[in-house]
Every structure is written in structure tokens, then in C-alpha cells.
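Below: the structure, in C-alpha cells.
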Amino acid sequence: MPFTIATWNINSVRLRAGLVGDMLKQHAPDVLCLQETKCPDDRFPLGEFRKLGYGHIAIHGQKGYHGVAVLSRHPFATQESRVFCDRVDCRHIGVTLGPEAGGAAGVTIHNFYVPAGGDIPDPVANEKFAHKLAFLDEMRAWCGTARPGSGRSILVGDLNIAPLENDVWSHKQMLDVVSHTPLECDKLVAVQGEGGWVDAMRQLVPEPEKLFTWWSYRAQDWALSNRGRRLDHVWLSQELAGALGGMTIVRDARGWERPSDHVPVLVSLDV
DNA sequence: ATGGTTGTCATACAA
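When the count follows our numbering, it moves up by one through the first sequence with no breaks and lands on 500 for the last residue.
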């Protein structure tokens with residue numbers, strides 16, 4: 230049975246609810262995980278998504294910053310949000326799909342928004358970078374103790390790191406740029422290893438092919454310069470990895486009217 | 001080496 234999961238850093242869900250609707254209509258994933266909703270829970274535009282068939286919505290938001298949400302065609306059996314680094318930041322929400330989800334019944338989905346980490350790649354000089362590294366250490370510990378990568382589970386989100394050489398437009402020129410420094414890349418790979426997670430996008434499109442999911446707003450012409458990064462990820466547990474079908478990066482979405490700087494990534498499974 | 005843009009909230013700050 231086909232099951233499609235999508236992840237998208239939307240950079241304000243209220244401003245871009247229309248774009249989310251367009252994406253849902255065009256690509257019809259079973260589940261969409263959003264990051265950077267920037268929206269308190271009582272102001273989330275539930276109605277617009279319910280109309281499109283996404284009647285089950287788990288939200289974990291706050292005013293102005295961060296915020297994650299899961300929109301689903303299928304009911305959830307459970308949902309939870311984890312706290313990382315003892316902060317109130319809304320950076321994680323996890324759901325388990327109920328028995329109504331057919332072949333995907335019982336699958337757990339973890340939706341993450343990892344801290345961006347500021348501009349200076351030095352944890353001493355830059356508290357934000359220190360926070361990012363601590364967050365990754367805590368994610369790794371959680372993968373070791375809670376074993377979220379055991380069973381049938383998926384981890385998606387804006388992890389704010391492009392770990393492989395061809396996850397950025399220029400490996401050499403990005404080595405000192407936060408999102409591609411060896412320190413944070415190693416930590417992300419360690420999280421992945423600790424949990425036994427499989428990088429779905431790279432299973433399907435191995436290096437050295439370039440893969441990007443984000444292009445800066447600051448570029449004069451994002452498509453022409455194409456200085457992208459792969460900051461958004463879909464990881465599968467070993468048990469689900471065999472079900473991997475296809476992958477779509479909706480690059481067009483970067484050119485839509487008033488776009489997010491991230492584009493949706495969809496992964497389909499045969500469950 | 002520098003500055004380039006966007007969103008939120010209210011004038012900086014985070015990304």
C-alpha cells in the first residue's frame with residue numbers, strides 16, 4: 230500500500246497557508262510535517278487544511294519563532310512533544326498513526342526543527358552555535374536510550390545541516406559556514422548512526438549528485454546561481470527502509486509567489 | 001571582505 234510523507238519548512242504557516250494548500254492539492258501526501266510555523270496553537274489555520282482532507286493535525290507552536298506541526302489524512306493514536314536543551318522552544322513533535330492508516334498503521338513519525346546556529350561557527354564565541362551542538366548531542370543520546378529508530382519509524386525535518394559534500398553547492402567554500410562545518414556534520418551523522426537511521430534521499434540519489442532543499446532569500450537569482458543546500462531530511466528506521474519507493478524534491482516551490490526559502494521533500498513508501 | 005532578504009513584532013532579532 231503506498232504511503233507518502235512530506236516535510237517542509239514553511240517559514241510562517243499563516244502567511245503561506247495558501248501555498249501549503251497548493252502543495253497538498255498537487256502532491257497529496259498522506260502526512261505533511263511542517264517546521265517554522267511561527268504560530269501559537271490557538272491561531273493555527275486548521276480549517277483550511279481540514280477542507281483539503283487533512284482532518285488530523287498535531288500542533289506544537291509558539292508566538293513568533295520555531296513551531297512544528299503534522300497534518301495527516303489519518304488519525305493519530307498518540308502524539309507527544311519532547312523538550313531539548315531545557316528550552317521551551319517548539320522544535321519537536323512526534324505522532325504515531327492509528328489503525329485507520331492501513332499499511333502505515335503504527336508507524337511513528339518524528340518531526341524536528343534543529344536550531345540554525347547563528348553565523349559564527351564557534352561554540353565559544355556564539356551561544357547559538359553552542360545550542361545547536363548541544364541539541365545534536367541530546368538527539369544522539371535520545372536515539373541511544375529511547376530507541377526511536379527501532380520498530381517502524383520515520384524522522385523528518387529541517388535539520389539545518391547539509392552533511393555530505395554534495396549537499397551544498399561548494400563543499401570547499403562552505404567548510405566554515407554554519408550548516409556545513411565538519412563539527413556539526415559529524416554530530417548529525419552520529420545521530421543518524423546511533424539511531425540506525427537510513428537517509429532515504431541519499432538511498433535513492435547517491436553522491437556525487439547534488440541535492441538541495443533550500444536556497445537563500447539573499448541571492449539575486451536563486452535558480453541561476455543555484456547555491457543551494459540540503460537542510461531538510463527524511464530518515465527511515467531499518468524496518469521501514471525496505472519499503473522505500475520514490476522521492477520528490479518540489480524545487481518549483483522555491484519559485485512560487487512569496488515562497489519559503491525551503492522546498493517540500495516527499496518520500497513514498499510501499500507499506 | 002562585505003552585504004545581500006524575509007518574517008515577526010514593534011524596532012531588533014532570528015534565520
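Ideal placement from N, C-alpha and C gives every residue a C-beta, glycine not left out.
Small disclaimer: the values here were computed from a predicted structure and weren't measured.
Can you round the beta-carbon distance between P392 and L384 to whole angstroms, since I take them to be within the 8 Å contact cut? Here residue 392 refers to the residue found at position 163 of the first sequence. Here residue 384 refers to the residue found at position 155 of the first sequence. About 14 Å separates the two Cβ atoms, so there is no contact after all.
Just to confirm my understanding: we take G282, look at its own chain, exclude 5 residues before and 5 after, and list those with CB closer than 7 Å. What are they? By 1-based counting over the first sequence, the position of residue 282 is 53. Excluding sequence neighbours, G282 sits near R302.
So V336 and F305 are supposed to be a Cβ contact under 8 Å. How far apart are they, rounded? As a first step, residue 336 must be located in the first sequence, where it is residue number 107. As a first step, residue 305 must be located in the first sequence, where it is residue number 76. Incorrect: roughly 11 Å between the Cβ atoms, too far for contact.
Whole angstroms is fine: what's the gap from E438's alpha carbon to D271's? Translated into positions along the first sequence, residue 438 becomes position 209. Translated into positions along the first sequence, residue 271 becomes position 42. Cα-Cα distance, rounded: 42 Å.
Check the DSSP bridge columns for G296 and list the partner residues they point to. Here residue 296 corresponds to residue number 67 of the first sequence, with the count starting at 1. G296 is not bridged to any residue.
Which residue marks the beginning of the alpha helix (DSSP H) containing V418, and which one marks its end? Taking the first sequence and counting its residues from 1, one reaches residue 418 at position 189. Counting along the chain, the alpha helix (DSSP H) containing V418 begins and ends at 411-424.
Go ahead and pull the three-state DSSP assignment for W371. In the first sequence, residue 371 corresponds to position 142, counting from 1. W371: helix per DSSP, three-state reduction.
Measuring only the C-alpha atoms, how far is G422 from G250? On the first sequence, position 193 is the one that residue 422 refers to. On the first sequence, position 21 is the one that residue 250 refers to. Going from the Cα of G422 to the Cα of G250 covers about 35 Å.
Between which residues of its own chain and I286 is the CB-CB distance below 8 Å, once the five residues before and five after are set aside? Locating residue 286 in the first sequence gives position 57, where the first residue counts as 1. For I286, where only same-chain residues beyond five positions count, the Cβ hits under 8 Å are F273, L275, F278, R279, A298, V299, L300, S301.
Under 8 Å by Cβ, that's how I've got W386 and F341 pegged, so tell me the actual separation to the nearest angstrom. Along the first sequence, one-based indexing puts residue 386 at 157. Along the first sequence, one-based indexing puts residue 341 at 112. Position check: residue 386 holds Gly in this sequence, whereas Trp was assumed. Their Cβ separation, rounded to whole angstroms, is 4 Å, which keeps G386 and F341 in contact under 8 Å.
To which residues does DSSP link H339 through a beta bridge? In the first sequence, the residue the question calls residue 339 occupies position 110. Beta-bridge pairing links H339 to G323, L384.
Rounded to a whole number of angstroms, what is the C-alpha to C-alpha distance between N389 and P231? The sequence position of residue 389 within the first sequence is 160, counting from 1. The sequence position of residue 231 within the first sequence is 2, counting from 1. So the two alpha carbons sit approximately 29 Å from each other.
Check whether G296 and K267 have beta carbons under 8 Å apart: Residue 296 sits at position 67 when you count from the first residue of the first sequence. Residue 267 sits at position 38 when you count from the first residue of the first sequence. In contact: G296 and K267 (Cβ atoms closer than 8 Å).
Burial state of Q264 (16 or more Cβ within 10 Å): For the purposes of this step, residue 264 is taken as residue 35 along the first sequence, with counting starting at 1. Looking at its Cβ environment, which holds 16 or more other Cβ atoms inside 10 Å, Q264 is buried.
Bridge partner(s) assigned by DSSP for A235: As a first step, residue 235 is located in the first sequence; it is residue number 6 there, counting from the start. Note: A235 sits in a beta bridge opposite L261, L495.
Just to confirm, is the Cβ distance from H491 to T442 under 8 Å? As a position in the first sequence, residue 491 is number 262, starting the count at 1. As a position in the first sequence, residue 442 is number 213, starting the count at 1. Cβ distance < 8 Å, so H491 and T442 count as in contact.
Is N240 buried or exposed, if buried means 16 or more other CB atoms sit within 10 Å of its CB? The residue given as residue 240 occupies position 11 in the first sequence. Under this definition N240 is a buried residue.
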